[in-house]
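Participant: When we follow full-length UniProt numbering, the leftmost residue of the sequence shown carries the number 1, and every step to the right adds one.
Glycine is no exception: its CB is placed at the ideal position from the N, C-alpha and C atoms.
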Amino acid sequence: MTPSFAERLTLSRAELDRDHLSRATPIDELLDAADARVVLLHDGHALVDGARLVLLPTASAAARAARAGGFALYLGRTLAEAPDAALGAAVSALVITDEEAAAAALEAARASGLDLSWGDLRRLGADMSTRDAGIFTEALALANWHRSYGFAPASGRATEHGQAGWTRVDAETGKEFFPRTDAAIIVGVTDADDRLLLGSNALWPADRFSLLAGFVEPGESLEAAVVREVFEESGVRVTDPRYLGSQPWPFPASLMVGFLARVADGAGVETRPDGEEILDLRWFTRDELAAAVADGSLRLPGRSSIARAIIEEWFGGDLGDDSW
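1) Measure the alpha-carbon distance for Ile310 versus Gly174 and round it to whole angstroms.
2) For the alpha helix (DSSP H) holding Arg168, just list the boundary residues, first then last.
3) Within the segment 138 to 201, note down every full beta strand (DSSP E) run reaching 3 residues or more, in order along the chain.
4) Using only CA atoms, which one of Leu222, Ser297, Ala183, Pro179 lies nearest to Leu260?
5) To the nearest angstrom, how far is the alpha carbon of Glu288 from that of Ser297?
6) Among the residues of its own chain, which have a CB less than 7 Å from the CB of Glu176, if the five just before and after it don't count?
7) On the CB-based measure, 16 or more other CB atoms within 10 Å of its CB, does Thr159 come out buried or exposed?
8) Got a sec: is the Cβ-Cβ distance from Ala36 to anything in chain D below 9 Å?
9) Checking the sheet assignment: what are the DSSP bridge partners for Leu281?
10) To the nearest angstrom, report how far apart Phe209 and Leu198 are at their CA atoms.
11) Given this structure, state the Cα-to-Cα distance separating Ala291 from Glu277, to the nearest angstrom.
12) In or out: Ser234 buried (at least 16 other Cβ within 10 Å) or exposed?
13) Is it the case that the CB of Leu21 approaches a heavy atom of the ligand GDP more closely than 8 Å?
14) Check Val238 in the structure and name its three-state DSSP category.
15) Using a 10 Å radius around the Cβ and a threshold of 16 neighbouring Cβ atoms, would you call Arg180 buried or exposed?
16) Do Ala253 and Ala164 come within 9 Å of each other at the CB atom, strictly closer than that value?
17) Would you list the one or two residues that DSSP bridges to Val263?
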């Protein structure tokens, strides 16, 4: 059965109560609860067993090794009973350094007898359970915000963790700073023949293609951003942006808002890559895209991305696993 568009948004899934009321509880109390569990984050990766997050009891040797120098972020409570976490268990992320990562991974592997590794959400997200995909996405987005906002923007003073990891606080003034998410649009552009426009970014190998995308500017609607970004990157005028869905993309801190748009009546379909961000643009029929993916001459975004979901929504089915 062909999945719906919403089902293709693998990082939009969630099965965790974010439990905002418990954020006022000292983080050590949340970690020390008998049923508490932690996921380990290191350098943007999580400790995994294949495509399964490793949820460690906080009393375990691995968790103790991680807590020695890392910092904790409270994520919420489980909504279902599972072998690795009871219903209602408090789940936190421990963000750790290289030294702690080596020690904690060794202890966790020794205790479980499993061949554990540090997993990349881009590659694993589509294969993870709803619970694990949601936890990993939330944890990575929050950790990335902390990494970027260690200082108060106005004064430059160092800030401290607050609200179990959901704020940063200027210790001198008590001013709180809250996590930020950058809104970005991503667009499937079609012409009168229902061909799809794909582009290759200057930072990618020449065989990698995806949809056009860009950040929403101050004072701009999502729909206006669609029209502006497509024209800036391709020279094509589009109209009638149609919202499809959204997905968090914590690399480092975006919310990707997906649209379909069509070439405006009377506008041309000749493309003009901007030469800086976009180096190549091509129109594809469904048969042309399927053939290029099948023979390996073109690589599409991975199955964890909303770009892939929009492309396959237009295509009408799965284009295979050959992706980046």
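Facilitator: Short version:
1) When rounded, the distance between both Cα atoms is 44 Å.
2) Looking at the DSSP string, Arg168 is not in any alpha helix (DSSP H); the run it does join, the beta strand (DSSP E), is 167 to 170.
3) Whole beta strand (DSSP E) segments, 3+ residues: 159 to 162, 167 to 170, 182 to 190, 196 to 201.
4) It is Leu222 whose Cα lies nearest to the Cα of Leu260.
5) Cα-Cα distance, rounded: 11 Å.
6) Cβ neighbours of Glu176 within its own chain (closer than 7 Å, five residues either side excluded): Gly162, Thr167, Val169.
7) Residue burial is scored here from C-beta neighbours: Thr159 has at least 16 other C-beta atoms within 10 angstroms and is therefore classed as buried.
8) In the displayed structure, chain D is absent; only one protein chain is listed.
9) In the DSSP output, where bridge partners are listed per residue, Leu281 has Gly199.
10) Rounded to whole angstroms, Phe209 to Leu198 spans 6 Å at the Cα level.
11) So the two alpha carbons sit approximately 26 Å from each other.
12) By the beta-carbon neighbour count (other beta carbons within 10 angstroms, threshold 16), Ser234 is buried.
13) With respect to the ligand GDP, the structure shown offers nothing to examine, as it has no ligands at all.
14) Residue state, collapsed to three classes: strand.
15) It is exposed - the Cβ of Arg180 has fewer than 16 other Cβ atoms within 10 Å.
16) Not in contact: Ala164 and Ala253 (Cβ atoms no closer than 9 Å).
17) In DSSP, Val263 forms a bridge with Val238.
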